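Written out below as structure tokens is the structure these notes cover.
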Amino acid sequence: MASFLGSIEEMKKVFNKFDKNGDGKISRDELKSVLTALGSAPSSGEVDRIMSEMDKDGNGYVDLDEFVAFQQTNINDDDGEAQCGNKELKDAFDMYDLDKNGLISANELHAVLKRLGEKCSLSDCRRMISQVDKDGDGN
1 MASFLGSIEE MKKVFNKFDK NGDGKISRDE LKSVLTALGS APSSGEVDRI MSEMDKDGNG
61 YVDLDEFVAF QQTNINDDDG EAQCGNKELK DAFDMYDLDK NGLISANELH AVLKRLGEKC
121 SLSDCRRMIS QVDKDGDGN
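Using UniProt numbering, the letters of the sequence shown correspond one by one to residues 1 to 139.
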């Protein structure tokens, strides 16, 4: 099933980036760490709100199934179309849009992925952007 993050395999890769200690679940501290690395500087209340939205069984952790369900529920509407009004989606976009011009360039994508510890080249980021760049302007 497609979503903002793409395939389940892509979602699992993102989940594993959040799951810093590799225990198969995302703790509140791990969530805050990733959000901070992305430049969000979330308040304690914001982290708690996001955790409560994601942690459906209330055990204090987000497992892969909850993470995938959250992505699919919050990114897709009934028709499977992306919802542009979603606050979390806008917040994620804003984290990548470093110069706040409303576009994400390959350089911005590269900078954020490096902060997250991803090993990808600028040319890899250009390829990623080109796959979703509808008007061909490189953003």
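Quick reminder that beta carbons are idealized off the backbone N, C-alpha and C, glycines included.
Please read all numbers here as calculations on a predicted model, not as lab measurements.
| Can you give the Cα-Cα distance for LEU103 and ALA41, rounded to whole angstroms? | 21 Å
| query | Does the ligand FMN have even one heavy atom less than 7 Å from the beta-carbon of MET128? | reply | In the structure shown, the ligand FMN is absent, as is every other ligand, since no ligand is present at all.
| As assigned by DSSP and simplified to three states, the class of ASP124 | helix
| field | Whole-angstrom distance between SER27 and VAL68, CA atom to CA atom | value | 16 Å
| task | Between the Cα of ARG126 and those of LYS114, ALA92, ASN139 and LEU38, spot the shortest distance and give me the residue it belongs to. | result | ASN139
| Which residues in the same chain have their Cβ closer than 8 Å to the Cβ of SER33, if we skip the five residues on either side of it in sequence? | LYS20
| query | Should SER105 be labelled buried (16 or more other beta-carbon atoms within 10 Å of its own) or exposed? | reply | buried
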